[in-house]
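K.L.:
Numbering of the sequence shown is given in our numbering, commencing with residue 51 and proceeding in unit increments.
No residue lacks a Cβ here, since even glycine has one placed at the ideal position from N, Cα and C.
Every value quoted in this text rests on a predicted model; they were computed, and no experiment measured them.
Shown below is the structure under consideration.
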Amino acid sequence: MAASIATNVVTTVKNAGANAPRSLQRVIGPSEIGTPCVRRLAYKLCDWPQVNTDGDPWASIIGTAVHSWMEDTFRAENERLGQERYVIERRLQIRGNIHGNADLFDRATGTNIDWKCVGEDRLKKYRKNGPGDQYRVQAHLYGLGQENAGETVNDVSVVFLPRGGRIDGLHVWCEPYNRQVALDALQRLDHVLTLLHQPQFDPGQNPQAFGSFPASDAFCTFCPWFQPGSTDPSKGCPGAA
51 MAASIATNVV
61 TTVKNAGANA
71 PRSLQRVIGP
81 SEIGTPCVRR
91 LAYKLCDWPQ
101 VNTDGDPWAS
111 IIGTAVHSWM
121 EDTFRAENER
131 LGQERYVIER
141 RLQIRGNIHG
151 NADLFDRATG
161 TNIDWKCVGE
171 DRLKKYRKNG
181 PGDQYRVQAH
191 LYGLGQENAG
201 ETVNDVSVVF
211 LPRGGRIDGL
221 HVWCEPYNRQ
231 VALDALQRLD
241 HVLTLLHQPQ
251 FDPGQNPQAF
261 GSFPASDAFC
271 TFCPWFQPGS
281 TDPSKGCPGA
291 A
């Protein structure tokens, strides 16, 4: 009976995770634009069929629950203050059809804040080495979106919340907002998109074209297009060499 209950719980959770709004996202968003892997960016821009779809959604589910709790908490704080110091879960237009939901903007300091709920190993890594290009670019893209929304943006921040342990074990990364970081990332995106419209790089005409885009180690095992040992880029990427 215990095994039956376990199977039912796991199956139900995985189905719910696979159909969550973030899992169903198709248009590229700020969280993906900064990936160091150009090949992954190309797969995403082409909305290519995903092959690595049997991942465990539990970490994402925990992250979503934490985001929801933080949203409620800071709404209550606004009520306590009697003013909207914190802009919460705002839908931002970064550029054209590129949008994103910013977790929190603190008007008192002009800081955009992004929550990341991570495990102990990742927390140690980010504390030692910083957030990495992907999270850094995402932070500045949100800064650009807040600027487009009329806010005065001074800083961008990523708050790494421990998935286990105590809240005072969090790590905060912060740096001055730099519009150029966001613009450079969008220019890189445009460059990849331009290449994909050229016949020799168009996967629709030449599925092997994905192999022309360099792959970088960006947590390959979590990539939707990761296929260990693949020799056909149209059927999946073997990962960075």
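What ranges does the beta strand (DSSP E) occupy inside the stretch 140 to 199, keeping only unbroken runs of at least 3 residues that lie completely in it?
P.N.:
With a minimum length of 3 residues, the continuous beta strand (DSSP E) runs that stay inside the stretch 140 to 199 are 148 to 156 and 161 to 168.
K.L.:
Suppose you measure from the CA of F272 to the CA of L91; what does that come to, to the nearest Å?
P.N.:
Taking the straight line joining both Cα atoms gives about 14 Å.
K.L.:
Identify the residues that DSSP records as bridge partners of P226: which are they?
P.N.:
DSSP output for P226 lists D205 as bridge partner(s).
K.L.:
Kindly indicate the opening and closing residues of the alpha helix (DSSP H) around G113.
P.N.:
Run containing G113: W108 to L131, per the alpha helix (DSSP H) assignment.
K.L.:
Between the Cα of Y227 and those of G169, N204 and I112, spot the shortest distance and give me the residue it belongs to.
P.N.:
Of the listed residues, the one whose Cα sits closest to Y227 is N204.
K.L.:
What's the C-alpha gap between Y192 and R157?
P.N.:
The straight-line gap from Cα to Cα measures roughly 14 Å.
K.L.:
How long is the line joining the alpha carbons of I163 and A152, rounded to whole angstroms?
P.N.:
Roughly 8 Å between the two C-alpha positions.
K.L.:
Of the residues L194, R130 and S118, which one's Cα is nearest the Cα of F144?
P.N.:
In the sequence as presented, Phe is not what sits at residue 144; that position holds Ile. The candidate whose alpha carbon is nearest that of I144 is L194.
K.L.:
Could you check whether G254 and D183 sit closer than 8 Å to each other, using their CB atoms as the reference points?
P.N.:
No.
K.L.:
Which same chain residues, not among the five before or five after T161, have their C-beta less than 6 Å away from its C-beta?
P.N.:
Result list for T161: D205 and S207, in chain order.
K.L.:
Buried or exposed: which applies to A235, given that a residue is buried once 16 or more other Cβ atoms fall within 10 Å of its Cβ?
P.N.:
Looking at its Cβ environment, which holds 16 or more other Cβ atoms inside 10 Å, A235 is buried.
K.L.:
In chain order, what residues of the same chain have a beta carbon less than 8 Å from the beta carbon of L233, not counting five sequence neighbours either side?
P.N.:
The answer, listed in chain order, is L194.
K.L.:
Rank K94, V101, P80 and A268 by C-alpha distance to the C-alpha of Q277 and give the top, closest one.
P.N.:
Ranking the options by Cα distance to Q277, first place goes to V101.
K.L.:
If we call anything under 8 Å between Cβ atoms a contact, is A199 one with L142?
P.N.:
Cβ atoms of A199 and L142: closer than 8 Å.
K.L.:
Compare the C-alpha of N128 against each of P107, F155 and R172 and name the closest.
P.N.:
Considering only alpha carbons, the answer is F155.
K.L.:
Would you kindly work out how many angstroms separate the C-alpha atoms of D218 and E225, rounded to a whole number?
P.N.:
Whole-angstrom Cα-Cα distance: 21 Å.
K.L.:
Below 6 Å CB to CB, which residues in the same chain sit around S266 once its five sequence neighbours on both sides are set aside?
P.N.:
These residues qualify, in order along the chain: P86, C87 and A290.
K.L.:
Of all the options T244, C287, L239 and K174, which has the alpha carbon lying nearest to the alpha carbon of P257?
P.N.:
Closest option to P257, Cα to Cα, is C287.
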